[in-house]
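Protein chains in written order, with our numbering: chain A, 14 to 478; chain B, 14 to 478.
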């Protein structure tokens, strides 16, 4: 990120170009791994492995975990089996699994072949959790304690075993069958007397999730309860892993992006924009464009049905864009608000009547305002300047009639649009679909058709065609 | 949140209704504060203070911090000065400031009057930071160490002073002038030998932000570097506060919601949907609806200009909705992608040429696909069924001509829409405006006009009107 580039890319490149490798490696070691990974990514492709091999084993693994999958794959193919294995064993299980999920099958095979049997078994277990489940994002590197330990013993245990754990700031208490019994933050261990017993100071009301839960639910729980980590249990409430707050941040960011993409009629992508190919971007965008284009057939049918009237009152068509856009915008406002509310858990399915009642009143207020503004605009501006030619051409007898038609239509278009915008996302969620799809583009297509039907109905009533 | 309701609301309500207050208070004490706050919020208005007063002082403060501003204000007005003061002194400074910013002026006055002079001075300092700046979200309750301490002394210092700190898991090293010199995670203190010197084990390459930095930048840094807290310094690099990861989560969630609202032509709200009044919701939605409605005047002008042609070729109007919607959708897809990329820091201003070149190719692919699909659809379906009457009415001589006009128009509409969708958000950011406003509704209005101009230009060329 622009604002976050705390490191001097030019200085590193200079050291690299002048082959001052030991100074370069020293500088890289001082950088946060995520920044070091950014530097490796800008190096010429065949030079990145050269630098990477000079890094210390543990910082190499940390930097490796932050690289883009493409570069990870390239690096793996240029390293020896031994080197790959060293990096792999240093990674946290969740990072290793993420990485393997992105890599080509032959590279995965080579990595798993070289891993220790324990690592291999664990990786395979993690790979079997459904995508986007808590199981697939959790890590098994957590601190567990037993009830009978004293605080001093617990701290000693953390000092001995904590170095490889993803967090040491929360410890979990399990019984002999590994069933989760309590939670103890390190803060509490530190503030208790050394001889106090864990069973007495632990909090037995643990907030936890199941391996099958959705990763978004888990991230929302971490955010809701301000946790550093959330324990994940299997069906028998045995502790199998934890999800840490930094992973929750990534999940929430990715889920927000996914919702935004769906709301804009794009199939979700998981790569950054500039790293996605043209053909791939096209594939994510064309399905909805096609679907929405085809469904516009319905609006054509409505217009075709009134061809004679249009021939006689051509001025009616001049307000098509304004009426349809206003309806679409009004519906989009509501649907997007409801979709976001559902996703943040601020709106529940049971709130449907409250939502409809509120939207109805908001819609009537918006409808009245826009109708009044339309009246002023159409009557004062449009008729007296731009549309004069049309009026003088004799097709129209009464400005006021057209003006009335437009105002009535825009009012009802807004009311219908807002009700559709409120009901479709809630209905989708009720039926188990993703509400995010029910946003502007989809709503627009429906609202266009309804608006035109209202328009022609009102017009035929007033103009008697 | 539905999924997160781990507590039994009915059980608590039952205890409350049957006046089993001591059992109720015991249950509430076991709950996470955020859940206890939810329970208080559903109690009848005049009963909430009754329950609240029975709570222990420290849990009362923690629960108070999680309440909605409305209920906080009501509670404060029903408590004595002494009670208000007790709660207030227990709060973290950032929570206290958030709370005061939401409360009516007379309540704020009453609270500040009762606060200790130190608290009052600190609050006033925090209230002076610009809204949405790092200074306004940071807290001053952090752990600071000096270089010359040993690890054992540092841990002892944390045990003595840490109880009121927002996090004890990262400590910051400052010199006599309070200038930030280094950072030591508690993990490292724990894993080092008791007699090691802080100056030797601290990391001097601290990642930090300034009080004036935007809160979104700060939250992005915390997410990017997987931090538990980020230190905030003043202009002289003196440490004045920290922002913790749980606050970063809230900031990122709020900023994503704000972007989504702006993209849907809504002025940003900061209250949950169901807690916002009808009139307030109307006020957030009507400005953009009005603006977009008025700017549609331009499209009316274009259509009015071609009134004679429309009279003769009424079938042309049947494709208005399809052409304009497709253009709007195509432009919306691009603009939303670019806006999100800019906000996540995946796209930078310097990438403008890469973005345009990529969108141009994607647009041409999408344009060709949609044009081909349109050809098939219009030629096979529309002409042979729905539009037959119009065609037979004699206004048209050649189906193929109309079909060609539509295909050419939809191709160019998509190309223009995607270029506009790419350039406007980047341009807005370049000029210092918020790119999020340049999303679908705004793009649609522009693309509508351009599409109609292309449509009539192509049609008049082919049909010679």
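For each residue, glycine too, the CB sits at the ideal point set by N, CA and C.
Asked	Found
Out of B/197, B/161 and B/156, state which residue places its alpha-carbon closest to the alpha-carbon of residue 173 of chain B.	B/156
Along chain B, in chain order, which residues have C-beta atoms closer than 9 Å to that of residue 487 of chain A?	Nothing about residue 487 of chain A can be reported from this structure: the residues present for chain A run from 14 to 478 only.
If I measure Cβ to Cβ from residue 379 of chain A and keep anything under 8 Å in the same chain, skipping five residues before and after, which residues do I get?	343, 427 and 431
Would you say residue 346 of chain A reaches chain B, if we count a Cβ-Cβ gap shorter than 8 Å as a contact?	yes
Can you give the Cα-Cα distance for residue 235 of chain A and residue 96 of chain B, rounded to whole angstroms?	31 Å
What are the residues in the region 190 to 210 of chain A lying within 8 Å of chain B by C-beta distance?	199, 200, 203 and 204
Would you tell me roughly how many angstroms separate the C-alpha atoms of residue 168 of chain B and residue 226 of chain B, rounded to the nearest one?	32 Å
In angstroms, rounded to a whole number, what distance separates the CA positions of residue 245 of chain A and residue 151 of chain A?	7 Å
To be precise: take each residue of the region 234 to 255 of chain B, compare its Cβ to all Cβ atoms of chain A, and keep it if any distance is under 9 Å. Which residues remain?	234, 235, 236, 237, 238, 239, 240 and 241
What residue does the alpha helix (DSSP H) around residue 254 of chain B start on, and which one ends it?	No alpha helix (DSSP H) contains residue 254 of chain B, which is instead part of the beta strand (DSSP E) from 252 to 257.
Where residue 221 of chain A and residue 237 of chain A are concerned, what is the direct C-alpha to C-alpha distance, given to the nearest angstrom?	13 Å
Can you grab the Cα-Cα spacing for the pair residue 223 of chain A / residue 392 of chain B, in whole Å?	54 Å
Could you confirm whether any beta carbon from chain A is found closer than 8 Å to the beta carbon of residue 409 of chain B?	The predicted model places residue 409 of chain B with a pLDDT of 47, which falls under 50 and marks its position as unreliable, so this point remains unresolved.
Using DSSP's beta-bridge definition, name the partner residues of residue 195 of chain B.	B/186
Determine which residues share a DSSP beta bridge with residue 373 of chain A and list them.	Partner(s): none; residue 373 of chain A has no beta bridge.
Using a Cβ-Cβ cutoff of 8 Å, what residues of the region 285 to 302 of chain B are near chain A? List them in chain order.	285, 286, 287, 291, 292, 294, 295, 298, 299, 301 and 302
Below 7 Å between beta carbons is the criterion; list the residues of the region 434 to 449 of chain A that meet it against any residue of chain B, in chain order.	none
Which residues of chain D have a Cβ atom closer than 8 Å to the Cβ of residue 316 of chain A, listed in chain order?	Absent from the structure: chain D. Protein chains present are A and B.
Our contact map puts residue 124 of chain A next to residue 203 of chain B with C-beta atoms below 8 Å; I'd like the distance itself, whole angstroms only.	About 33 Å; that fails the 8 Å criterion.
Report buried or exposed for residue 370 of chain B, applying the criterion of at least 16 other Cβ atoms within 10 angstroms of its Cβ.	exposed
Helix or strand or just coil, what does DSSP make of residue 317 of chain B?	helix
Is the Cβ of residue 466 of chain B closer than 8 Å to any Cβ of chain A?	no
Looking at chain B, is there any beta carbon in it that lies within less than 8 Å of the beta carbon of residue 172 of chain A?	yes
Whole angstroms are fine: how far does the CA of residue 453 of chain B sit from the CA of residue 451 of chain A?	15 Å
Taking only runs of the alpha helix (DSSP H) that begin and end inside the region 23 to 81 of chain B, which ones reach a length of at least 4 residues, in chain order?	34 to 43, 46 to 55, 61 to 67 and 70 to 79
Looking at the structure shown, is residue 83 of chain A part of a helix, part of a strand, or coil, going by DSSP?	helix
Taking the runs of the beta strand (DSSP E) that are 3 residues or longer, which of them lie wholly in the region 113 to 169 of chain B?	156 to 158
Count Cβ pairs between the region 349 to 358 of chain A and the region 432 to 442 of chain A that sit closer than 8 Å; are there 3 or more?	yes
Residue 187 of chain A and residue 3 of chain A - do their beta-carbons sit closer together than 8 Å?	No statement about residue 3 of chain A is possible, as the shown extent of chain A runs from 14 to 478 and does not include it.
Could you give the residue range of the alpha helix (DSSP H) that holds residue 285 of chain B?	Segment: none, residue 285 of chain B is in no alpha helix (DSSP H) and carries neither H nor E.
What first and last residue would you give for the alpha helix (DSSP H) that runs through residue 471 of chain A?	453 to 476
Give a single yes or no on whether residue 135 of chain A has its beta carbon closer than 7 Å to a heavy atom of the ligand ADP.	No copy of the ligand ADP occurs in the structure displayed, which carries no ligand at all.
The alpha helix (DSSP H) spanning residue 97 of chain A covers which residue range?	94 to 103
Pull the bridge partners of residue 216 of chain B from the DSSP assignment, please.	B/196
Are the beta-carbon atoms belonging to residue 309 of chain B and residue 335 of chain A less than 8 Å from one another?	yes
Against residue 461 of chain B, what residues of chain A qualify as contacts under a CB-to-CB distance less than 7 Å, listed in chain order?	334 and 338
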